Structure formats: C-alpha cells, structure tokens
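Working notes for the structure below.
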Amino acid sequence: MNEIVTILKGSQYDRLDIRTDRYRLRVSRADAGEGQGEGWSQAWSLEDEASPAGATAQSGQEEIPVPEGMHAIRAPLPGVFYRSPAPGTAYFVEVGSSVEAESNVGIIETMKLFNPVPAACAGEIAEILVENGAMVDAGAILMLVK
Numbered sequence: 001m002n003e004i005v006t007i008l009k010g011s012q013y014d015r016l017d018i019r020t021d022r023y024r025l026r027v028s029r030a031d032a033g034e035g036q037g038e039g040w041s042q043a044w045s046l047e048d049e050a051s052p053a054g055a056t057a058q059s060g061q062e063e064i065p066v067p068e069g070m071h072a073i074r075a076p077l078p079g080v081f082y083r084s085p086a087p088g089t090a091y092f093v094e095v096g097s098s099v100e101a102e103s104n105v106g107i108i109e110t111m112k113l114f115n116p117v118p119a120a121c122a123g124e125i126a127e128i129l130v131e132n133g134a135m136v137d138a139g140a141i142l143m144l145v146k
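Numbering of the sequence shown is given in UniProt numbering, commencing with residue 1 and proceeding in unit increments.
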C-alpha cells in the first residue's frame, strides 16, 4: 500500500481505483477542505456483490462445513497463505500444536505486505486445510481448532 501511495504522490493523478472480482482498492488524495491537510486516504473492501452466486471461500473448492466443537481459522483477507515466516523455516503450527487466541498460525501476502493470521481462539490444531503457498480468498477456512 505504501508503494502505491509513493508512486501516486509523484504523479499528476488524484485517485487510483482498482477493482477485481474479489476486492476493491481505492486510494485518493485527501482534500485540504476535509481537515486532513495534504495526504492520502486509503480504502480497501471485499466486493461481496461482485461475487457470483454460490461463490466459495476458497477458489475452486466447496465451502467446508465446520464440525461441531471446532473453531475455523479463516483468512482475514485474500492473498497467498504461508505456513512459515520464511522459506525453509519451521511452520508456525502443525496438527496437534497448542494455540492461544493471539498465536500466529500463518501469514498472508497481499500486495507485497505480509499480514499475520491469528488463531483467534485457544485450543489444539485439529486439521490444516490449505497448502503452504496456496492462494486463498478472504473468509477461506485455513485450519480447524478443537
């Protein structure tokens, strides 16, 4: 996001609007009349209405039902899911690993930014549903915790 703003600062344009079938990104120059002074505002949202009927959380896969007594760890945003902090390093978690709500279970790369994926609940990793390096949509179930 910062790279986009830097490029736009040096350009003649006041706004950039990127829309795909999964998300929308809008970056615009803030008007001095808005009380923000010189700067840029950013907005990013998922385009649910743009998704075709019956779209699933994970591209090409059916929505996986969450079994009773389990908690789903979902992708907070679309991107590439990685199970380890760097290539060749140990995974954040494996099946059987204990996690706390604030434990990182992976990262998602979106537009060259790496975002942590928190467990959001305490328990034990019961199943890992997404391969390392796989593209995921926002809301895709990554792991199940019991």
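All residues carry an ideal CB built from backbone N, CA and C; glycine is no exception. In this text, all values refer to a predicted model and were calculated from it rather than measured experimentally.
When the beta-carbon positions are compared, Ala-140 and Arg-74 come within less than 8 Å of each other. By the Cβ-count criterion, Ile-7 is exposed, with fewer than 16 other Cβ atoms from all chains shown falling within 10 Å of its own Cβ.
Ranking Asp-14, Glu-127, Gly-106, Gly-123 by CA distance to the CA of Val-117 puts Gly-106 first. Of the candidates Glu-127, Phe-92, Ile-18, Glu-109, the residue whose Cα lies closest to the Cα of Glu-102 is Phe-92. Bridge partners of Val-136 according to DSSP: Gly-79.
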